[in-house]
Amino acid sequence: MAKDEGYEHWWQLFGAMGSNTNSWITNPELPVLYPWKLKKYSDTQLIIERNPYYFKVDPEGNQLPYIDEIVFYRIQDKQMALMKAMAGEIDMQTRHFGTEHFTILLENREKGGYRVLRWIWGVGSIVTFYVNQNVQDPVLREIFQNPKFRYALSLAINREEIASLVFHNLGEPRQASLISGVAFYDPEWEKAFAEYDLERANKLLDEMGLTKRDEEGYRLRPDGKRFELIVEYSVTDTVVDVLEMVKQYWEKLGIKVILKPEERSLYMTRCEAGEPEIGVWSFDRCAAVLSDPGRLLGTVWDGPWAPLYARWYISGGKAGEEPPEGSDIRRIYELWEKGQNDSR
-6 MAKDEGYEHW WQLFGAMGSN TNSWITNPEL PVLYPWKLKK YSDTQLIIER NPYYFKVDPE
54 GNQLPYIDEI VFYRIQDKQM ALMKAMAGEI DMQTRHFGTE HFTILLENRE KGGYRVLRWI
114 WGVGSIVTFY VNQNVQDPVL REIFQNPKFR YALSLAINRE EIASLVFHNL GEPRQASLIS
174 GVAFYDPEWE KAFAEYDLER ANKLLDEMGL TKRDEEGYRL RPDGKRFELI VEYSVTDTVV
234 DVLEMVKQYW EKLGIKVILK PEERSLYMTR CEAGEPEIGV WSFDRCAAVL SDPGRLLGTV
294 WDGPWAPLYA RWYISGGKAG EEPPEGSDIR RIYELWEKGQ NDSR
């Protein structure tokens, strides 16, 4: 059967048909316990219909879900989603709409017959920099694993300016951390090294011994090379605007910054292999950390802050790279294991 479907191994077919998390939205034959079940899947549409056997009811005893059918239009251009929304052709949309679209959506709401709603999102930071603790360059690895370096990068970012120019003051300048209103939120973490203090940032780098500079004013690494950072990211409008500003902030520290946009699947592949120096993604998964701790453990590849250590942890030591005994990341894993045991 695997050969007939174009797969080399049986387990590839098994994964495609039912064992993967998203199989229910690609295989209409798959039985589900979800509120909806796949009805149609094509290049242009994805239609899900109400599961008549869904087991949940509302407080009045009415069987859920209320909606019989939902149609998703599959498009390649994000701009097309914006155009369809303004034309009143979309009933509800959140994905790919950010603060950069807020004004134009407001201006066209009467014409399109829609409302623009704002609410708290389970994301601790729209644009987050993941400094790879497993970076392959040994010189950079030693620098990256020094907390002072990460503190300096954070202090050099003018979040107030970004909030004003990019997010039209619709967001809150903060550190990438859990959001208020959820379990384990910590206001100190939210504020940690989130103020703009270029003088303090420079002092931290000087304390690390990164005091020598080349003729253009860029700092030199311990091996004498110009200090350059490559920042890899999957392209979105908001990310690009923020990255251009952060590039300027970090270059004021004397660090040359190279921005490297990538197609999403390539970015994910590189992150999983631990190849980026710094990766960029959101700090999401903040609503229920005990059920989804990937951001804090580093076990989700789009935020590659410890990808090889995470692979070691997930595989039970059979793959990846073992973190040093007594290291912070080792302590994080130990605390997570203890937390799981304590909650059982």
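For the sequence shown, position 176 (counting from the first letter as 1) is numbered 169 according to my numbering, and the numbering increases by one without interruption. We treat Cβ as the ideally placed atom computed from N, Cα and C, and that holds for glycine.
Problem set entry | Y306 - containing alpha helix (DSSP H), residue span | 300 to 307
Problem set entry | Option in A176, R43, L301, P166 with minimal Cα separation from K344 | Residue 344 lies beyond the range of the chain shown here (-6 to 337); nothing can be said about it.
Exercise. DSSP three-state call for F186: helix, strand or coil?
Worked result: coil
Exercise. Does DSSP classify R43 as helix, strand or coil?
Worked result: strand
Exercise. Expressed to the nearest angstrom, what Euclidean distance is found between the alpha-carbon atoms of M73 and R102?
Worked result: 16 Å
For this session: Name the two residues that bound the continuous beta strand (DSSP E) containing E62.
Result: 62 to 66
Problem set entry | E330 versus Y306, E314, P58, D179, residue with shortest Cα-Cα distance | Y306
For this session: With DSSP collapsed to three states, give me the class of R167.
Result: coil
Exercise. With a Cβ-Cβ cutoff of 9 Å, do A176 and V282 count as a contact?
Worked result: yes
Problem set entry | Burial state of L57, where buried means 16 or more other Cβ atoms lie within 10 Å | exposed
For this session: Tell me, to the nearest whole angstrom, how far the beta carbon of S147 is from that of F186; I am working on the premise that it is less than 8 Å.
Result: 4 Å
Exercise. Taking the alpha carbon of P215 as the point to measure from, which residue in Q86, F65, F160, L133 has its own alpha carbon closest?
Worked result: L133
Exercise. With a cut-off of 8 Å, do at least 3 Cβ pairs link the segment 235 to 247 to the segment 103 to 118?
Worked result: no
For this session: Write down the C-beta distance between F142 and M201 rounded to the nearest angstrom, noting that I regard them as a contact closer than 8 Å.
Result: 6 Å
Problem set entry | Cβ-Cβ distance between N139 and L301 below 9 Å | no
Exercise. Are F95 and L163 touching if we call contact CB-CB under 9 Å?
Worked result: yes
Problem set entry | Counted within 10 angstroms of its Cβ, other Cβ atoms place P269 as buried (16 or more) or exposed | buried
Exercise. Do the segment 192 to 199 and the segment 108 to 126 meet, that is, are 3 or more Cβ pairs less than 8 Å apart?
Worked result: no
Problem set entry | Where the alpha helix (DSSP H) through Y260 begins and ends | 257 to 265
For this session: Could you check what DSSP says for E315 in three-state terms: helix, strand or coil?
Result: coil
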